[in-house]
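Engineer: Take the sequence shown: its letter number 70 is residue 70 in our numbering, and every next letter is one higher. Here you go, one structure.
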Amino acid sequence: MENAILGLDRQKVSSLNRGLNELLANFQIYYQNLRGLHWNIKGQSFFELHMKFEELYTDAQEKIDMIAERILTLQGTPLHTFEDYLAESSVTVGRNISNDRESVELVANSLERLIELERNLLTESAEADDEGTNAMMSDFISEQEKTVWMLKAWLA
Ligand SMILES: [Fe+2]
Numbered sequence: 001m002e003n004a005i006l007g008l009d010r011q012k013v014s015s016l017n018r019g020l021n022e023l024l025a026n027f028q029i030y031y032q033n034l035r036g037l038h039w040n041i042k043g044q045s046f047f048e049l050h051m052k053f054e055e056l057y058t059d060a061q062e063k064i065d066m067i068a069e070r071i072l073t074l075q076g077t078p079l080h081t082f083e084d085y086l087a088e089s090s091v092t093v094g095r096n097i098s099n100d101r102e103s104v105e106l107v108a109n110s111l112e113r114l115i116e117l118e119r120n121l122l123t124e125s126a127e128a129d130d131e132g133t134n135a136m137m138s139d140f141i142s143e144q145e146k147t148v149w150m151l152k153a154w155l156a
């Protein structure tokens, strides 16, 4: 294909890169929320949640790198400043949260927002024949849906 990126339509790829950058920005806020929760959590569930939040931010960190490197693979530029992340994100920023329920709710709500963005990218990447992004979104969605189920079971 003339003027293509990895055989994919250039315009569709640049739209996918915008979506991936929006996902990246939201992931960074989600990641930083988890660091704050890991540090500030108090109460009877301290040991359990302190560890769970560490597990989740470690996983988020890997996914952040995968998203950024997917953008580079698609010849885009991943956002990399806090300024851009804040401007491009819609996930709620958590501040001074030490309560266990409030913490778990923030994580579950943030994940639901990420899944929403990933579903849009799933549709758009299928439409663009971009199997790489499609498979990545599919993996993220199924893993995160399971995490949302567990967080909601904890809250119930
Ligand atoms: Fe720690």
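We put the CB at the ideal spot given by N, CA and C, even for glycine.
Which stretch, first to last residue, makes up the alpha helix (DSSP H) that contains Gln11?
Structural biologist: Note, Gln11: alpha helix (DSSP H), Arg10 to Asn40.
Engineer: Using a threshold of 7 Å, is the CB atom of Glu48 nearer than that to any non-hydrogen atom of ligand 1?
Structural biologist: No, since every heavy atom of ligand 1 falls outside the 7 Å radius drawn around the Cβ of Glu48.
Engineer: Grab the span of the alpha helix (DSSP H) containing Leu155 for me, first residue to last.
Structural biologist: Unbroken alpha helix (DSSP H) run through Leu155: Glu131 to Leu155.
Engineer: Using 8 Å as the threshold, is the stretch 98-115 in touch with the stretch 71-84, meaning 3 or more CB pairs across them?
Structural biologist: No, the stretch 98-115 does not touch the stretch 71-84.
Engineer: Do you know whose CA, among Asn134, Leu111 and Glu55, lies nearest Ser90's CA?
Structural biologist: Nearest C-alpha to Ser90: Leu111.
Engineer: Mapping the DSSP letters down to three states, classify Ala4 as helix, strand or coil.
Structural biologist: DSSP places Ala4 in strand when its eight states are reduced to three.
Engineer: I need the straight-line Cα distance from Lys52 to Asn3, nearest angstrom please.
Structural biologist: So the two alpha carbons sit approximately 46 Å from each other.
Engineer: My understanding is that Gln75 touches Tyr31, with C-beta atoms under 8 Å, so please give their C-beta distance in whole angstroms.
Structural biologist: Not confirmed; about 25 Å, so no contact.
Engineer: Whole angstroms are fine: how far does the CA of Gly36 sit from the CA of Ala124?
Structural biologist: Here residue 124 is Glu; the residue named in the question, Ala, does not match the sequence. Rounded to whole angstroms, Glu124 to Gly36 spans 33 Å at the Cα level.
Engineer: Any chance you could list the residues with Cβ under 7 Å from a heavy atom of ligand 1, keeping chain order?
Structural biologist: Result: His38 and Glu54.
Engineer: Taking Ser15 as the reference, give the member of Ile115, Asp130 and Glu55 with the closest Cα.
Structural biologist: The shortest Cα separation from Ser15 among Ile115, Asp130 and Glu55 belongs to Asp130.
Engineer: Going by beta carbon distance, what residues of the same chain come within less than 6 Å of Ala153, once the five residues before and after it are set aside?
Structural biologist: If we look at Ala153 and ignore the five residues flanking it on each side, it has no Cβ neighbours.
Engineer: Check whether the stretch 43-51 and the stretch 139-152 are in contact - that is, three or more C-beta pairs closer than 8 Å.
Structural biologist: Output reads no: the stretch 139-152 does not touch the stretch 43-51.
Engineer: For the alpha helix (DSSP H) that Thr92 lies in, which residues bound it at each end?
Structural biologist: Unbroken run through Thr92: none, as it is neither H nor E.
Engineer: State the DSSP-derived secondary structure class of Thr77, mapped to helix, strand or coil.
Structural biologist: Three-state result, Thr77: coil.
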